[in-house]
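Participant: Once you've had a glance at the structure underneath, I'll fire off some questions.
Residue numbers (the working numbering), protein chains in the order written: chain A, 2 to 383; chain B, 2 to 383.
The structure is reproduced here in structure tokens:
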């Protein structure tokens, strides 16, 4: 696979700012991404319950794949033979892959960390595997993602100062090895660094200082939304996000709720991903312009109105809340698709609205509006 | 709900014959159905894993709903308040509903038969219910289906002569009560009778003789594909199908495989329904122009070709066998939709090809072709 050269690959252009919020665009090997943007998560090469046509209809610009999962199944060697994940899953727009680090570190009891990398056992068959910085670069090369992430250690919430300090140094050494293993724009693939440092501001700053000199195409904030309270998370976000290099895209990993995303944007973050909209869709929790709706509730049994009258997705255009509730209660497979399609549309619309608000200098007003919508007391489900 | 009057409601027009096979059309309250036709089964108000847009893309003309399931969930009273199943599920084309009899008689240990009807317990919560001929007419009136079916007793395979003889008389008495409870074309809804008689040709004929004088809009063959061998089924089908009134649509209930359908058409049957294509799709068994494919097999791991190069469905246009195998093995929800969409498309294409072949007087040739494709030794999976 030798990708055709892309003009201005990696170029990040900020066209508007509004406070710390930025309206920008990023050139990738499979097209330009308009930011701020939410990236639906396609763990195993499929955004759960949705096909590429659904994602396109929802307005998806870029999706995320999980290196850990794709490495185990179908295998990055197979993906390489099939022209990469784009060709395999027939997704022609940009793809970002994580490094697999987060998944591996979630396998608490079945992984072993060393300077060289991390040994772990597959959650599928218990087989033994090893991820080094070089290995995860090679896997992501095989996957052919447009944006690759470095291998990092994501320390859990509650890790002490000394452990966190030692860990971020390891993350820095691994970041350098990743950059060395994947020279800039090799295969037309960008590479982002990941800052760590747990919940210690000075360690967050230290991690950032160590990573900034490495010439990454973008910088991520890792290790948030790992069990801390919302105020703790927002406090750290407000502290560290504005310090990330201003001329590169900033990516808040694995986050989050609509309010988390808006808070990230407010603090200068450009990119987000989270399984929340798809996972919640499967649990019947739906996001609407009027708050969250738990579609399984009896109050929707006879509700002939659309899920969200302000939403233009197929689900809202076509079906009533009563029908969506019936599908959920009857455990019909269609429920997963319709709910997921709506939630993904909602998150992508939210990002589109944020982009427009920044362009028009009214982002604070937009955020204030959503704070009212998503205040627990104000939700429809309350 | 007062449906607008439909011109020529119930009119069945045969335009071509080819041997016993008929090419015809049936006018229903929600449009004209071109026969022979396969009807996808939407048990609980949803053809499993497929939305109306998928069904339309697959070429579905009419779908089936199960009265037993819809009565229990969401309830026919609720459906009536929501403008019937068409409005509730946003399916604007014709719907046929069975009477619930087949499902109730499958609940062997939890139903009690009497002259008046059948008492049964819900498979969901064990609650007690009673279906009489009048009750199932009223439920189907609430559902608002275009074609209703009478309540019948479907005797299982192996029932003896005396039981079967007694049972078909009950089915006849119930058929008369259904016709009385649902006067011709009330609410714009057609009503079909169901012939029974088990695996005794004289009893099949007796059932038919008793039902023919009742002015039904169509006649169904019930009680086949209930455990008998294929030769036994085809033998009975060839005996009884051509005896059904020639000027009314003939419907072979709950059948079947592509060869069953073609054998039915060959013997003058016009309508078919079966869960086979959707159920098999969920199990990874896919029907193609070259035979059955078990997509989970390792031989498809690296297969970059489309599932069926002769199929125009979204699945075949968009994805490789390798990707479909990956989705199946990784238990991705998208697997259900893509596989179901393909299998339903295959069954609807088969019916379309049969219609065209009858028009062109080459149905026997078409059937011979599929006999080669679906001979076990000739399948790809062999």
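Backbone N, C-alpha and C fix where the C-beta goes; we use that ideal spot for every residue, glycine too.
Of all the CB atoms in chain B, is at least one closer than 9 angstroms to the CB of residue 328 of chain A?
Facilitator: Counting from 1 along the first chain, the entry for residue 328 of chain A is found at position 327. True, the Cβ-Cβ gap to chain B drops below 9 angstroms.
Participant: Assuming residue 285 of chain A and residue 302 of chain A are in contact, meaning their beta carbons sit under 8 angstroms apart, how far apart are those beta carbons, in whole angstroms?
Facilitator: Residue numbering aside, residue 285 of chain A sits at position 284 when the first chain is read from its first letter. Residue numbering aside, residue 302 of chain A sits at position 301 when the first chain is read from its first letter. Not confirmed; about 13 angstroms, so no contact.
Participant: Any idea what DSSP makes of residue 37 of chain B, helix, strand or coil?
Facilitator: Counting from one through the second chain, the residue named residue 37 of chain B turns up at place 36. Residue 37 of chain B: coil per DSSP, three-state reduction.
Participant: Flag this pair as touching only if the stretch 170 to 188 of chain A and the stretch 147 to 154 of chain A have three or more C-beta atom pairs under 8 angstroms; answer yes or no.
Facilitator: Flag = yes, the stretch 170 to 188 of chain A and the stretch 147 to 154 of chain A touch.
Participant: Should residue 299 of chain B be labelled buried (16 or more other beta-carbon atoms within 10 Å of its own) or exposed?
Facilitator: One-based indexing of the second chain puts residue 299 of chain B at position 298. Classification for residue 299 of chain B: exposed.
Participant: Taking 9 angstroms as the threshold (C-beta atoms), are residue 132 of chain A and residue 102 of chain A in contact?
Facilitator: On the first chain, residue 102 of chain A is found 101 positions in, with the first residue counted as 1. On the first chain, residue 132 of chain A is found 131 positions in, with the first residue counted as 1. Yes.
Participant: When you compare the CB of residue 344 of chain B with every CB in chain A, is at least one pair closer than 9 angstroms?
Facilitator: Your numbering for residue 344 of chain B matches position 343 in the second chain. False, the Cβ-Cβ gap to chain A never drops below 9 angstroms.
Participant: Which of the three DSSP states, helix, strand or coil, is assigned to residue 287 of chain A?
Facilitator: Here residue 287 of chain A corresponds to residue number 286 of the first chain, with the count starting at 1. The answer is strand: DSSP assigns residue 287 of chain A an E or B state.
Participant: Checking contacts by CB at 9 angstroms: is residue 310 of chain B closer than that to chain A?
Facilitator: Within the second chain, numbered from 1, the residue matching residue 310 of chain B stands at position 309. Chain A contact via Cβ: absent.
Participant: CB residue 61 of chain A to CB residue 349 of chain A, shorter than 9 angstroms?
Facilitator: Along the first chain, one-based indexing puts residue 61 of chain A at 60. Along the first chain, one-based indexing puts residue 349 of chain A at 348. In this structure, residue 349 of chain A lies closer than 9 angstroms to residue 61 of chain A by Cβ.
Participant: Would a C-beta distance cut-off of 9 angstroms place residue 294 of chain A and residue 322 of chain A closer than the cut-off?
Facilitator: One-based indexing of the first chain puts residue 294 of chain A at position 293. One-based indexing of the first chain puts residue 322 of chain A at position 321. Cβ atoms of residue 294 of chain A and residue 322 of chain A: closer than 9 angstroms.
Participant: Any beta carbon from chain B within less than 9 angstroms of residue 2 of chain A's own beta carbon?
Facilitator: Within the first chain, numbered from 1, the residue matching residue 2 of chain A stands at position 1. No answer about residue 2 of chain A holds up, because its pLDDT of 47 lies below 50 and its placement is not dependable.
Participant: For residue 254 of chain A, which of helix, strand or coil comes out of DSSP?
Facilitator: One-based indexing of the first chain puts residue 254 of chain A at position 253. Reduced to three states, the DSSP call for residue 254 of chain A is coil.
Participant: In the DSSP assignment, find the unbroken alpha helix (DSSP H) run with residue 152 of chain B in it and report its ends.
Facilitator: Residue 152 of chain B sits at position 151 when you count from the first residue of the second chain. Taken as a continuous stretch (DSSP letters only), residue 152 of chain B belongs to no alpha helix (DSSP H), as it is neither H nor E.
Participant: In terms of residues, what are the limits of the beta strand (DSSP E) holding residue 120 of chain B?
Facilitator: Counting from one through the second chain, the residue named residue 120 of chain B turns up at place 119. Segment 119 to 122, the beta strand (DSSP E) holding residue 120 of chain B.
Participant: For a quick check, are the C-beta atoms of residue 388 of chain B and residue 271 of chain B less than 9 angstroms apart?
Facilitator: Within the shown structure, residues of chain B are numbered from 2 to 383, placing residue 388 of chain B beyond reach of any answer.
Participant: Check the Cβ of residue 50 of chain A against every Cβ in chain B and list those closer than 7 angstroms, keeping chain order.
Facilitator: Residue numbering aside, residue 50 of chain A sits at position 49 when the first chain is read from its first letter. By Cβ distance, chain B contributes 334, 335.
Participant: Is residue 16 of chain A helix, strand or coil by DSSP?
Facilitator: Numbered from 1 along the first chain, position 15 holds the residue referred to as residue 16 of chain A. DSSP places residue 16 of chain A in strand when its eight states are reduced to three.
Participant: State buried or exposed for residue 183 of chain B, treating a residue as buried only when at least 16 other CB atoms are found within 10 Å of its CB.
Facilitator: Taking the first residue of the second chain as position 1, residue 183 of chain B is located at position 182. Buried is the call here.
Participant: Looking at C-alpha atoms only, which residue of B:136, B:334, B:204 is the closest neighbour of residue 241 of chain B?
Facilitator: Within the second chain, residue 241 of chain B is the residue found at index 240, counting from 1. For the residues B:136, B:334, B:204, the minimum Cα distance to residue 241 of chain B belongs to B:204.
Participant: Which residues, taken in chain order from the stretch 212 to 245 of chain B, show a beta carbon closer than 7 angstroms to some beta carbon of chain A?
Facilitator: Taking 7 angstroms as the Cβ-Cβ cut-off against chain A, none of the residues of the stretch 212 to 245 of chain B qualify.
Participant: Which stretch, first to last residue, makes up the alpha helix (DSSP H) that contains residue 105 of chain B?
Facilitator: Residue 105 of chain B sits at position 104 when you count from the first residue of the second chain. Counting along the chain, the alpha helix (DSSP H) containing residue 105 of chain B begins and ends at 102 to 107.
Participant: Of all the CB atoms in chain A, is at least one closer than 9 angstroms to the CB of residue 303 of chain B?
Facilitator: Reading the second chain from its first residue, position 302 is the one you call residue 303 of chain B. Yes, its Cβ sits closer than 9 angstroms to a Cβ of chain A.
Participant: Excluding five sequence neighbours on each side, which residues of the same chain lie with their C-beta closer than 6 angstroms to the C-beta of residue 266 of chain A?
Facilitator: As a first step, residue 266 of chain A must be located in the first chain, where it is residue number 265. Only 22, 37, 355 meet the Cβ criterion.
Participant: Quick check on residue 352 of chain A: buried or exposed, where buried means 16 or more other Cβ atoms within 10 Å of its Cβ?
Facilitator: Sequence index remark: in the first chain, residue 352 of chain A carries index 351 (1-based). Buried, since its Cβ has 16 or more Cβ neighbours within 10 Å.
Participant: Determine the direct distance from the alpha carbon of residue 280 of chain B to that of residue 199 of chain B, and round the result to whole angstroms.
Facilitator: Your numbering for residue 199 of chain B matches position 198 in the second chain. Your numbering for residue 280 of chain B matches position 279 in the second chain. Spanning the two alpha carbons is a distance of roughly 26 angstroms.
Participant: Considering only residues of the stretch 140 to 210 of chain A, which uninterrupted alpha helix (DSSP H) runs meet the minimum length of 4 residues and lie entirely inside it, listed in chain order?
Facilitator: Those alpha helix (DSSP H) runs which fall completely within the stretch 140 to 210 of chain A and span 4+ residues are 162 to 182.
Participant: Between A:333, A:327, A:339, which lies nearest to residue 312 of chain A when the distance is taken from Cα to Cα?
Facilitator: Your numbering for residue 312 of chain A matches position 311 in the first chain. It is A:339 whose Cα lies nearest to the Cα of residue 312 of chain A.
Participant: So, are the CB atoms of residue 283 of chain A and residue 59 of chain A less than 9 angstroms apart?
Facilitator: One-based indexing of the first chain puts residue 283 of chain A at position 282. One-based indexing of the first chain puts residue 59 of chain A at position 58. No. Outside cutoff.
Participant: Would you mind sorting residue 136 of chain A into buried or exposed? The rule is 16 or more other CB atoms within 10 Å of its CB.
Facilitator: Here residue 136 of chain A refers to the residue found at position 135 when the first chain is read from its first residue. With 16 or more Cβ atoms within 10 Å of its Cβ, residue 136 of chain A is classed as buried.
Participant: Please confirm whether residue 247 of chain A has its beta-carbon closer than 9 angstroms to some beta-carbon of chain B.
Facilitator: Position 246 of the first chain, counting from 1, holds the residue named residue 247 of chain A. It does not; no Cβ of chain B falls within 9 angstroms.
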